[in-house]
Structures are given as C-alpha cells and as structure tokens.
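K.L.:
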Amino acid sequence: MAYLLLLIARFRMLQFCLIKPLGPKCILVICLLVIPFFVSSETIMAQCPSDPEQNSGLGINIPDNLQPTGDFRYSPANSPVMSPGACVPIHVIRGIPPYTWGVANQGFQLRDLQTDLPSNEICTEECASGSATITVSDGSENAGPPVFGSIAVKEYAFEFDWDNSSQTVSRNGSALVSVKGGIANSDMHFFWSIAEPGYTFSNGQSIITGGPAQTIYADGETCGGCTITITDACGNEASGGLQNESSGKWKIYESCGTYRGGWSSTKIVGAEKWKTYWHCSRDGQPICQIPPIYNPNNIACTGGDSYPCRYTWATCNDSKNPNNYAIPDYDKYKWVCP
Numbered sequence: 340m341a342y343l344l345l346l347i348a349r350f351r352m353l354q355f356c357l358i359k360p361l362g363p364k365c366i367l368v369i370c371l372l373v374i375p376f377f378v379s380s381e382t383i384m385a386q387c388p389s390d391p392e393q394n395s396g397l398g399i400n401i402p403d404n405l406q407p408t409g410d411f412r413y414s415p416a417n418s419p420v421m422s423p424g425a426c427v428p429i430h431v432i433r434g435i436p437p438y439t440w441g442v443a444n445q446g447f448q449l450r451d452l453q454t455d456l457p458s459n460e461i462c463t464e465e466c467a468s469g470s471a472t473i474t475v476s477d478g479s480e481n482a483g484p485p486v487f488g489s490i491a492v493k494e495y496a497f498e499f500d501w502d503n504s505s506q507t508v509s510r511n512g513s514a515l516v517s518v519k520g521g522i523a524n525s526d527m528h529f530f531w532s533i534a535e536p537g538y539t540f541s542n543g544q545s546i547i548t549g550g551p552a553q554t555i556y557a558d559g560e561t562c563g564g565c566t567i568t569i570t571d572a573c574g575n576e577a578s579g580g581l582q583n584e585s586s587g588k589w590k591i592y593e594s595c596g597t598y599r600g601g602w603s604s605t606k607i608v609g610a611e612k613w614k615t616y617w618h619c620s621r622d623g624q625p626i627c628q629i630p631p632i633y634n635p636n637n638i639a640c641t642g643g644d645s646y647p648c649r650y651t652w653a654t655c656n657d658s659k660n661p662n663n664y665a666i667p668d669y670d671k672y673k674w675v676c677p
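Residue numbers for the sequence shown follow this note's numbering, beginning at 340 and rising by one.
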C-alpha cells in the first residue's frame, strides 16, 4: 500500500512538471527525483533548463570546475631535516593537480619538477649543507600564491679521535692515530698530511690517502711534536698531533688576556697544551675565546655566554658583586725541539 501511494505521488508530480511546464522556474530537484522512473533523459533536458545563468537565477549554482574544500598547504608531517647524500619524501595537502615544485639551494634536487600526485622526493648531494626552501604551486584556475616548506641537512662531526689515538711517539717508534666522522671519498678514504720533518705514514711519505686510522712513524732525528691534518671528501678539516717523548719542550705560541694567577687548569692533548687562568669579572668584559679542547662546539665567547666561556664560581658570585663570574685567560703551548 505504501509503495502504491508513493507511485501515485510521483505520478502527480510528473504531471505537474510535464503537463504544466514551469519554463525557467522548473524545479530541477523535483524533475530529477521523479522523471528517471518514467521518461528518457532527452525529455528531462527539454523541460529542465541547462543554462548556468538560468539555474543561477533559480538559486542553483553548479560551478564548471569543481575543486576540493580546505586549505592547500605544505604538509606538517614532512621531515624538517635530512642526512647529506640522502633522499626523503615530501608532500602537500589538498590542491588541484598538476603540482609544480621548486627548491632554492644548489645542494638539493627534486625528483620531479611537476607531479600529478601531491607528493615528491627531495635529495641532497654528499657535501650539501645548510637548508633549502621548497615551493609548491597547484593547478587550480584561481591559484593563489605557492605554499612554502623548508628542510635542513643534519650537521655531522669531523674531528681527531683523541680517545682512540696515541698522544706520544718516540724516536724510531710509531703511533696509531684516527679520525671520526666526516665524509670519506668513494674508496672510503681521507687525505692525511704531516707538517714536521722526520714523521711519515706507512708509505714513507708525509702525505697519504687512506682510511680513518693511520700509523705514523718517527725517525731517529725527530724531536718536539708533529701536527696531523686530515681532510674529508667535502673539504672539511680535522687536526691532531703527537708529542715526541724522547725530546722537546713546551713553548708558548699564543696567549690571551693578562691575568696569570688564581685558579688555573692545564690540558695536554698530543703536541699541544692549554693552560687556562680563571679570574673574576663582570658582564660585558671581553672574554678570550676558549681553546677547542674545552670548547668542542667552538662557541664564540662574549660577555653573556655560559661555560666554557665563563664559569659560575662561588668566590666571584658574592653578595657585594652578584653579577660577577669567572672568565678565562690562557696560554697555548706547542711541544717543540729544545
């Protein structure tokens, strides 16, 4: 019974739409609900206007270019960092294909400059550094400004491996030294060199291309110490040294500041020594740049920096001078021939 009543209702609506056409006032929704059960598509098109302007007049707005809703944007899920010599995927959210991609750093490359999907891949060269800005535009007719994202290359350490290297060598003796981090060449090699005479590598020369660990030989005439420099495939340098324990003496080759009293500390690494003199000062006073053995991140020391550029010392931070702290002056020594 209910189905019969529904058919009768639809037939009455059909009569209303076909027998007494409404012309420009034809109700598109009624036609679409009723007519498919009884008439062909040609009859529908004849009775229901297809002109967009006419439909707009009826309050019906059907755009020619349907577009997704929501903001077109660079995906917040994209990684902000990547390793040198690697590739990572990147994505945008929403937008209309095709997508046009760009990157503003020579060390970075995109897999594609244009894609139909909202995804791409970005790669870096082995020696890439810094960061890159990524731009993406979509293909919509009313495209706005491009969206932006950024990605940075992870910094890597490259340094002399003091923990796993000898620090002294004797005349007619040898010592093993090594480096850690860095970017090796295609043969997994670094470029090594020694500045002082009488010290050689396993090839009998003062230069060698080899792995991250090398043996250094001292002849019977050597004295003082030697400086070792290692260069990786990207041109980054690390340096270390050996002290010849058979002969030599410490000689100052660099000083900072004039204070030489109070609390001092000494650090010997290979053929170099730092003696640091801590004393009280106030904010704003110039501070010596701390040697890298105490300052591995090479912090630029200014009056407001913390350790290792300054040191909160109870003797300095008293009730009379609450802003006082200890700062260093220092002498740098090299182990040289007598």
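Glycine included, C-beta positions come from ideal geometry on N, C-alpha and C. Everything numeric in this text was worked out from a predicted model, so none of it was measured.
By how many angstroms is the C-alpha of P428 removed from the C-alpha of P437?
P.N.:
The residue given as residue 437 occupies position 98 in the sequence shown. The residue given as residue 428 occupies position 89 in the sequence shown. The straight-line gap from Cα to Cα measures roughly 17 Å.
K.L.:
The beta strand (DSSP E) that contains G564, what's its start and end?
P.N.:
The sequence position of residue 564 within the sequence shown is 225, counting from 1. Looking at the DSSP string, the run of the beta strand (DSSP E) that includes G564 is 564-570.
K.L.:
With burial defined as no fewer than 16 other Cβ atoms inside 10 Å of the residue's Cβ, what is the status of C676: buried or exposed?
P.N.:
Counted from its first residue, the sequence shown places residue 676 at position 337. Answer is exposed; the Cβ neighbour count stays below 16.
K.L.:
Please return the same chain residues whose Cβ sits closer than 7 Å to the Cβ of D670, not counting the five positions on each side in sequence.
P.N.:
On the sequence shown, position 331 is the one that residue 670 refers to. Cβ within range, chain order: I591, S594, K614.
K.L.:
Report the three-state DSSP secondary structure of N503 (helix, strand or coil).
P.N.:
Here residue 503 is taken as the residue at index 164 of the sequence shown, counted from 1. In this structure, N503 counts as helix in the three-state DSSP scheme.
K.L.:
Whole angstroms are fine: how far does the CA of T507 sit from the CA of E494?
P.N.:
Within the sequence shown, numbered from 1, the residue matching residue 494 stands at position 155. Within the sequence shown, numbered from 1, the residue matching residue 507 stands at position 168. Each residue's Cα considered, the two are about 31 Å apart.
K.L.:
Exposed or buried, what is V420 when buried is set at 16 or more other beta-carbons lying within 10 Å of its beta-carbon?
P.N.:
As a first step, residue 420 is located in the sequence shown; it is residue number 81 there, counting from the start. That one is exposed.
K.L.:
Going along the chain, which unbroken runs of the beta strand (DSSP E) with 3 or more residues stay wholly within the region 417-505?
P.N.:
Taking only runs of at least 3 residues, the beta strand (DSSP E) segments lying wholly in the region 417-505 are 426-432, 438-442, 447-449, 458-463, 470-476, 486-492, 497-499.
K.L.:
For the beta strand (DSSP E) containing C619, list its first residue and its last residue.
P.N.:
Taking the sequence shown and counting its residues from 1, the one referred to as residue 619 is at position 280. First-last of the beta strand (DSSP E) with C619: 611-620.
K.L.:
When you compare the region 508-525 with the region 542-559, are there three or more beta-carbon pairs, one atom per stretch, that lie closer than 8 Å?
P.N.:
Segments in contact, yes.
K.L.:
Taking the alpha-carbon positions, what's the W617 to T605 distance?
P.N.:
Walking along the sequence shown from the start, residue 617 turns up at place 278. Walking along the sequence shown from the start, residue 605 turns up at place 266. Roughly 11 Å separates the two Cα atoms.
K.L.:
Can you name, in chain order, every residue of its own chain whose Cβ lies under 7 Å from the Cβ of W589, other than the five neighbours on each side?
P.N.:
Position 250 of the sequence shown, counting from 1, holds the residue named residue 589. So the list reads K612, Y672, W674, once near-sequence residues are dropped.
K.L.:
If G488 and I435 are in contact, beta carbons under 8 Å, what's the gap, nearest whole angstrom?
P.N.:
Start at 1 with the first residue of the sequence shown, and residue 488 comes out as number 149. Start at 1 with the first residue of the sequence shown, and residue 435 comes out as number 96. About 18 Å; that fails the 8 Å criterion.
K.L.:
Taking the alpha carbon of Q448 as the point to measure from, which residue in E464, C655, R433 has its own alpha carbon closest?
P.N.:
Residue numbering aside, residue 448 sits at position 109 when the sequence shown is read from its first letter. Ranking the options by Cα distance to Q448, first place goes to E464.
K.L.:
DSSP on S585, reduced to helix/strand/coil?
P.N.:
On the sequence shown, residue 585 is found 246 positions in, with the first residue counted as 1. If DSSP states are grouped into helix, strand and coil, S585 belongs with coil.
K.L.:
If I follow the unbroken beta strand (DSSP E) through A514, where does it start and stop?
P.N.:
Mapped onto the sequence shown, residue 514 falls at position 175. Where A514 is concerned, the enclosing beta strand (DSSP E) stretches over 513-520.
K.L.:
Looking only at C-alpha atoms, which of I490, V492, V475 sits nearest to P484?
P.N.:
Here residue 484 refers to the residue found at position 145 when the sequence shown is read from its first residue. The residue with the shortest Cα to Cα distance from P484 is V475.
K.L.:
Of all the options I473, I626, S422, E480, which has the alpha carbon lying nearest to the alpha carbon of S496?
P.N.:
As a working note, residue 496 is residue 157 in the sequence shown. The sequence given here places Ala at residue 496; Ser does not occur at that position. Nearest option by C-alpha distance: S422.
K.L.:
Quickly, what does DSSP pair E593 with across the bridge? List them, please.
P.N.:
Against the sequence shown, residue 593 aligns to sequence position 254. Looking at the DSSP assignment, E593 forms a beta bridge with K671.
K.L.:
Between G596 and C466, what straight-line distance do the alpha-carbon atoms span, to the nearest angstrom?
P.N.:
By 1-based counting over the sequence shown, the position of residue 596 is 257. By 1-based counting over the sequence shown, the position of residue 466 is 127. Those two C-alpha atoms are separated by around 38 Å.
K.L.:
Could you tell me which residues DSSP puts in a beta bridge with F529?
P.N.:
The sequence position of residue 529 within the sequence shown is 190, counting from 1. Partner(s): G549.
K.L.:
Just the Cα atoms here: how many angstroms apart are A665 and Q628?
P.N.:
In the sequence shown, the residue the question calls residue 665 occupies position 326. In the sequence shown, the residue the question calls residue 628 occupies position 289. So the two alpha carbons sit approximately 14 Å from each other.
K.L.:
Per DSSP, R412 forms a beta bridge with which residues?
P.N.:
For this step, residue 412 is matched to residue 73 along the sequence shown. Per DSSP, I432.
K.L.:
Taking all protein chains shown into account, decide if I533 is buried (16 or more other Cβ within 10 angstroms of its Cβ) or exposed.
P.N.:
If you number the sequence shown from 1, residue 533 lands on position 194. Flag for I533 reads buried.
K.L.:
Buried or exposed for G424, going by 16 or more other Cβ atoms inside 10 Å?
P.N.:
Numbered from its first residue, the sequence shown carries residue 424 at position 85. Burial call: exposed.
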